[in-house]
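What follows is a single structure, written as C-alpha cells, with notes after it.
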Amino acid sequence: MACRDMEKCESTRLDIVMESRNKYVYCRPCDLASQKSIKDFVEQFKKEHKNLHILINNAGVMRCPKSYTQEGIEMQFGVNHIGHFLLTNLLLDVLKVSTPSRIVNISSSAHKRGKIKLDDLNSDKNYEPGEAYAQSKLANILFTKELANKLKGTGVTVNAVHPGIVRTEIMRHMEIYQRRLGKWLVDSLTWIFIKTPRKGAQPVLFVALDPSLDNVTGDYFV
Numbered sequence: 011m012a013c014r015d016m017e018k019c020e021s022t023r024l025d026i027v028m029e030s031r032n033k034y035v036y037c038r039p040c041d042l043a044s045q046k047s048i049k050d051f052v053e054q055f056k057k058e059h060k061n062l063h064i065l066i067n068n069a070g071v072m073r074c075p076k077s078y079t080q081e082g083i084e085m086q087f088g089v090n091h092i093g094h095f096l097l098t099n100l101l102l103d104v105l106k107v108s109t110p111s112r113i114v115n116i117s118s119s120a121h122k123r124g125k126i127k128l129d130d131l132n133s134d135k136n137y138e139p140g141e142a143y144a145q146s147k148l149a150n151i152l153f154t155k156e157l158a159n160k161l162k163g164t165g166v167t168v169n170a171v172h173p174g175i176v177r178t179e180i181m182r183h184m185e186i187y188q189r190r191l192g193k194w195l196v197d198s199l200t201w202i203f204i205k206t207p208r209k210g211a212q213p214v215l216f217v218a219l220d221p222s223l224d225n226v227t228g229d230y231f232v
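Heads up: take any position in the sequence shown, counting from 1, add 10, and you land on our numbering.
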C-alpha cells in the first residue's frame, strides 16, 4: 500500500493482516502531492518487486481550500490527476512485463460537470473548490481513455470506476461537514445512499479482479 500517512497505513495494514491471515501486506510512503515522493516510491518498489499485476489509483482530495503541491500545481488537479498520471507512467514497464495486468482509476460522477480549463488549468485566475474537483475527475476519465488506446495489444487494461458516495475522510473539506449540525443533517438524510468503505470497495474490486473483464479496457464503471 502506497500511502501518505504511514501511521494510518500501518493501522489499516494490521486490520487486513488480521482479517485475511495474509502477512504479506506492506506499507510504503508515497505522497501524490510530491513528485519526488512518487519517484522515490517507484524506485523502492522496483528494487523490491519484479511484477505488478494490479495498480489501483485511489488517492484523492476533494473541495479543499486553495493550496498547491510541492511543484506548485493546484492541489486537487495535482493529486487526483497529475500524481496518478506520473505514478502510472513510471510503473508501466513493470505492468507490461507482468501481463495480464490491470490499472484501475478511481473517478467520480462529478466528472459530468467538469471542464478542462485550458486557459486556467491551475485555477490561478479563479478557484472554486467544486469546479476544481470536477476538473480533476474529468481528467481521470480522459486519462483512462487515452492510456487504454496507447496500451492496446500490450496485455495491460485500464478502466475507471465510480464507487458511489463512500463515507471516508475525503468529505472533510466540505463546508457543511465542518458544522456539527450540518454533518448531523447530512448523515441523517443520506445514510441510505452513503456506502461504508467496505461496500464502496466492492465495485473497485470487481473492476480489478473479475475474470469477465479480462479484455475490457477504456471503460467507465458505476
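By construction, the Cβ of each residue, glycine as well, lies at the ideal position given by its N, Cα and C atoms.
Residue interval of the beta strand (DSSP E) (run including residue i)
{"i": "R123", "result": "No beta strand (DSSP E) holds R123; DSSP gives it neither H nor E."}
Backbone CA spacing between residue i and residue j [nearest angstrom]
{"i": "K127", "j": "E29", "result": "45 Å"}
{"i": "V35", "j": "I26", "result": "8 Å"}
{"i": "A158", "j": "V168", "result": "5 Å"}
{"i": "V244", "j": "D224", "result": "Residue 244 falls outside the range modelled here, since the chain spans only 11 to 232, and no answer is possible."}
{"i": "R23", "j": "E17", "result": "10 Å"}
{"i": "H183", "j": "H172", "result": "At H183 the pLDDT is 47, less than 50, meaning the model places this residue with poor confidence and gives no usable figure here."}
{"i": "I175", "j": "G210", "result": "8 Å"}
{"i": "I92", "j": "E20", "result": "26 Å"}
{"i": "Q212", "j": "V232", "result": "11 Å"}
{"i": "K135", "j": "D129", "result": "9 Å"}
{"i": "K155", "j": "R31", "result": "37 Å"}
{"i": "N150", "j": "K33", "result": "32 Å"}
{"i": "A12", "j": "H94", "result": "12 Å"}
{"i": "K160", "j": "S222", "result": "22 Å"}
{"i": "M85", "j": "K76", "result": "7 Å"}
{"i": "I218", "j": "G165", "result": "One point to set straight first is that residue 218 is Ala, not Ile, in the sequence displayed. Distance between the alpha carbons of A218 and G165 is about 14 Å."}
{"i": "T79", "j": "S47", "result": "11 Å"}
{"i": "L65", "j": "L152", "result": "18 Å"}
{"i": "E58", "j": "V104", "result": "12 Å"}
{"i": "Y230", "j": "C37", "result": "29 Å"}
{"i": "F51", "j": "T109", "result": "22 Å"}
{"i": "S119", "j": "D220", "result": "22 Å"}
{"i": "L102", "j": "V226", "result": "18 Å"}
{"i": "N235", "j": "S111", "result": "With the chain represented from 11 up to 232, any question about residue 235 goes unanswered, as that position is not in the structure."}
Start and end residues, alpha helix (DSSP H) containing residue i
{"i": "R23", "result": "16 to 30"}
{"i": "T206", "result": "Where T206 is concerned, there is no enclosing alpha helix (DSSP H), given that its DSSP letter is neither H nor E."}
{"i": "H94", "result": "94 to 106"}
{"i": "D50", "result": "45 to 58"}
Sheet register partners of residue i (DSSP bridge)
{"i": "R38", "result": "A12"}
{"i": "N115", "result": "N67, A170"}
{"i": "F231", "result": "V171"}
{"i": "V84", "result": "With the sequence shown as reference, residue 84 is identified as Glu, and Val is not the correct amino acid for it. For E84, which the question treats as bridged, DSSP gives the partners Y78."}
Candidates the options, of which the one nearest residue i by Cα
{"i": "L148", "options": "S117, L131, N136", "result": "S117"}
{"i": "E81", "options": "C74, P75, L96, N68", "result": "L96"}
{"i": "K125", "options": "Q145, E138, G93", "result": "Q145"}
{"i": "G70", "options": "C37, R14, K122, F51", "result": "R14"}
{"i": "F216", "options": "I204, T206, A170", "result": "A170"}
{"i": "Q45", "options": "N99, K122, N132", "result": "N99"}
{"i": "R73", "options": "R112, S133, G165, T154", "result": "S133"}
{"i": "K56", "options": "V107, L152, E138", "result": "V107"}
{"i": "V89", "options": "D220, D41, D50", "result": "D41"}
{"i": "V53", "options": "E141, H63, L65, P39", "result": "This sequence places Glu at residue 53; Val is not what is there. Checking every option, the nearest Cα to that of E53 belongs to P39."}
{"i": "K122", "options": "S111, L102, Y143", "result": "Y143"}
{"i": "P139", "options": "H59, L101, F87", "result": "F87"}
{"i": "I83", "options": "V226, Y137, D229", "result": "Y137"}
{"i": "P207", "options": "A43, N68, L131", "result": "N68"}
CB contact check: residue i to chain B, cutoff 9 Å
{"i": "K125", "result": "The chain inventory of the structure shown lacks chain B, comprising one protein chain alone."}
Item to complete: Go through the stretch 126 to 178 residue by residue and report every complete run of the alpha helix (DSSP H) that reaches 4 residues or more, in order.
Response: 139 to 160
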